[in-house]
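Enquirer: Under the numbering used here, the residues of the sequence shown are numbered 745 to 1065, in order. Backbone N, C-alpha and C define an ideal beta-carbon position, used for all residues, glycine too.
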Amino acid sequence: MAANFKYTAKPNPVVGALILERDQIICEGFHERYGGPHAEVNCLEQLEKLRNKQRENLTLLCTLEPCNHFGKTPPCTDEIIKSGVKNVVIGSVDPNPKVSGSGIKKMQENGIKVTQGVLDEEARKINEYFFFKHADNRPFITIKIASSKDGKSHDAKGSTTWITSEDSRNDVQLLRAEHDVILTGGNTVRNDNPRMNARVNFPVNQPKKILLSSQETWDMNFHFFKNADFEITNETDLSKIMRSSFLKESNSIMVEAGPKLVNAFLKNRLCDRLVIYKSQVEIGNDGVNWFENDNALDKYGFKIKSNYTIGPDIKMVLENG
Ligand SMILES: NC(=O)c1ccc[n+]([C@@H]2O[C@H](COP(=O)([O-])OP(=O)(O)OC[C@H]3O[C@@H](n4cnc5c(N)ncnc54)[C@H](OP(=O)(O)O)[C@@H]3O)[C@@H](O)[C@H]2O)c1
745 MAANFKYTAK PNPVVGALIL ERDQIICEGF HERYGGPHAE VNCLEQLEKL RNKQRENLTL
805 LCTLEPCNHF GKTPPCTDEI IKSGVKNVVI GSVDPNPKVS GSGIKKMQEN GIKVTQGVLD
865 EEARKINEYF FFKHADNRPF ITIKIASSKD GKSHDAKGST TWITSEDSRN DVQLLRAEHD
925 VILTGGNTVR NDNPRMNARV NFPVNQPKKI LLSSQETWDM NFHFFKNADF EITNETDLSK
985 IMRSSFLKES NSIMVEAGPK LVNAFLKNRL CDRLVIYKSQ VEIGNDGVNW FENDNALDKY
1045 GFKIKSNYTI GPDIKMVLEN G
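#1: Go to K869, then tell me how far its alpha helix (DSSP H) extends in each direction, as first and last residue.
#2: Is it the case that the Cβ atoms of I770 and Q798 are separated by a distance below 9 Å?
#3: Once the 5 residues before and after N914 are set aside, which same chain residues still bring their CB inside 6 Å of it?
#4: For ligand 1, is there a heavy atom less than 8 Å away from the beta-carbon of G861?
#5: DSSP puts M1060 in a beta bridge; with which residues?
#6: Can you tell me whether P741 is buried or exposed? The criterion is at least 16 other CB atoms within 10 Å of its CB, across all chains shown.
#7: Taking 8 Å as the cut-off, is the C-beta of A753 nearer than that to any heavy atom in ligand 1?
#8: Enumerate in chain order the residues of its own chain whose CB-to-CB distance from P810 is below 7 Å, with the five nearest sequence positions on each side excluded.
#9: Starting from G847, follow the alpha helix (DSSP H) in both directions and report where the run begins and ends.
#10: Just checking G779 against ligand 1 - is the residue's beta carbon closer than 8 Å to any of the ligand's heavy atoms?
#11: Helix, strand or coil for F875, going by three-state DSSP, please let me know.
#12: Tell whether a beta-carbon distance below 9 Å holds between G895 and L1005.
#13: Taking the CB atoms as reference points, tell me whether V1019 and L919 lie closer together than 9 Å.
#14: Spell out the partners DSSP gives M998 in its beta bridges.
#15: Going by DSSP in three states, N881 sits in which element: helix, strand or coil?
#16: Any idea if A761 is buried or exposed, counting beta-carbon neighbours within 10 angstroms, 16 or more meaning buried?
#17: Can you tell me which residues form a DSSP beta bridge with A761?
#18: Should K816 be labelled buried (16 or more other beta-carbon atoms within 10 Å of its own) or exposed?
#19: Say yes only if the C-beta of K936 is nearer than 8 Å to one or more non-hydrogen atoms of ligand 1, and no if none qualify.
#20: Any idea what DSSP makes of F946, helix, strand or coil?
#21: Kindly indicate which residue of T886, G902, L802, I763 has the alpha-carbon position closest to the one of D1030.
#22: Please look up how many angstroms separate the CB atoms of F875 and S996, rounded, as I've assumed it's under 8 Å.
#23: Looking only at its own chain, which residues have a Cβ that is under 7 Å from the Cβ of E1026, when we skip the five neighbours before and after it?
#24: Determine the direct distance from the alpha carbon of K793 to that of E776, and round the result to whole angstroms.
#25: Which residues in the same chain as G773 place their Cβ atom closer than 6 Å to its Cβ, once the five residues preceding and following it in sequence are excluded?
#26: Using 9 Å as the threshold, is the C-beta distance between A972 and N941 below it?
#27: Expressed to the nearest angstrom, what Euclidean distance is found between the alpha-carbon atoms of K842 and H878?
#28: What residue range does the alpha helix (DSSP H) around V1006 cover?
#29: Alpha carbon to alpha carbon, how far is T803 from I985? Give it in angstroms, no decimals.
#30: Roughly how many whole angstroms lie between the Cα atoms of T932 and G780?
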């Protein structure tokens, strides 16, 4: 259930909380939107309405260790202590250094029995990008490319045309919706004037955008600059960009660029997942290859994680290691 809120909670993790009385769920709450109350608080709010419950017999279960710091909301640990619940079961310790272990300690110091790590793997799986960011100190990087049947990115001479089908393009909207940031390069914006927002039929915190370009001034009428926060940077060191303050709160980034920038990311080993949409369309001799001998994909040690048809195209997901 908590994962239902992944598009509105991001870049926060998805978190759910339940209160059990013996084997019965009597309250539940979720972190529904970024900046809004945490799951534990939403759950305890329901408990407040149930006046006749013996609090010390109740157990609070939550996906992640409750927070113990003032962020956008006050610490959840204070609310739990105030509630009188004496048993807390945690899916996974919060990897965020602002929390990690301190929420557990505070509750234990206040006479609460804490059981931790009971669903560690599941909590990590539903919050893959969040855990990655705290372990690796940079956002998870997905590179998405659309390729013609003959391995080309675009027609060097031609005007902009779609390579892949509408089904694939709709799938890309979902990929955008789950990432915190979309990144592209100067040529792509100049040539294609893409919007690069998530056009989906459900509420989503729109990804922020980064444009990598040495061009000093940009016409703000390009679609790219509309509908989300953006940053233009002339920094060419990609590792530095991944650690920039603009990305401080971001757990995931999706690179949607042409061959030059995509290959720069690959050469710098800055790709955790590569998503290729391969169409049946051939571009021919005027097409620009995605990969050449010196940067052939198999050099990077990617392994295929999934490979299936999507409309008339093939969607292939590869991961490093
Ligand atoms: N098939 C697809 O999935 C797909 C997706 C996106 C784009 N495209 C096509 O790709 C074409 C453009 O491809 P592209 O590779 O020339 O352009 P790109 O995606 O715009 O990337 C290259 C540009 O990024 C900027 N840049 C900044 N730091 C860089 C770095 N470290 N390494 C490389 N570039 C850096 C530069 O912009 P400045 O020149 O402004 O300094 C450079 O010209 C477009 O015309 C579009 O049609 C295809």
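Expert: Result, derived from the coordinates:
#1: Element bounds for K869: 864-870.
#2: Against a cut-off of 9 Å, the Cβ pair of Q798 and I770 comes out as no contact.
#3: Cβ neighbours of N914 beyond the five flanking positions: none.
#4: Result no, Cβ not under 8 Å from ligand 1.
#5: I1020, N1051.
#6: The structure shown does not extend to residue 741, since the chain is modelled only from 745 through 1065, so no value can be given for it.
#7: Every heavy atom of ligand 1 is 8 Å or more from the Cβ of A753, so no.
#8: Answer for P810: E784, C820, T821, I824, G847, listed in chain order.
#9: 846-853 is the span of the alpha helix (DSSP H), which, as asked, contains G847.
#10: Answer for G779: no, Cβ out of range of ligand 1.
#11: Looking at F875 - three-state DSSP - the assignment turns out to be helix.
#12: Cβ atoms of G895 and L1005: not closer than 9 Å.
#13: Pairing V1019 with L919 gives a Cβ-Cβ distance under 9 Å.
#14: DSSP lists T886, I926 as the beta-bridge partner residues of M998.
#15: Three-state DSSP puts N881 in coil, outside helix and strand.
#16: So A761 ends up on the buried side.
#17: Per DSSP, G773, C806.
#18: Its Cβ having fewer than 16 others within 10 Å, K816 is exposed.
#19: Here residue 936 is Asp; the residue named in the question, Lys, does not match the sequence. Yes, the Cβ of D936 comes within 8 Å of a heavy atom of ligand 1.
#20: In this structure, DSSP gives F946 a state outside helix and strand, which the three-state scheme calls coil.
#21: Nearest option by C-alpha distance: G902.
#22: At roughly 11 Å, the Cβ-Cβ gap does not stay under 8 Å, so F875 and S996 are not in contact.
#23: Contacts found: S892, K893, D894.
#24: So the two alpha carbons sit approximately 20 Å from each other.
#25: Result list for G773: A761, A783, N786, C787, in chain order.
#26: Their beta carbons are under 9 Å apart, which means A972 touches N941 by this criterion.
#27: Rounded to the nearest angstrom, the two C-alpha atoms are 11 Å apart.
#28: Per DSSP, V1006 is one residue of the alpha helix (DSSP H) stretching across 1003-1011.
#29: If you take the alpha carbons of I985 and T803, they lie about 44 Å apart.
#30: Between T932 and G780, the C-alpha separation is close to 36 Å.
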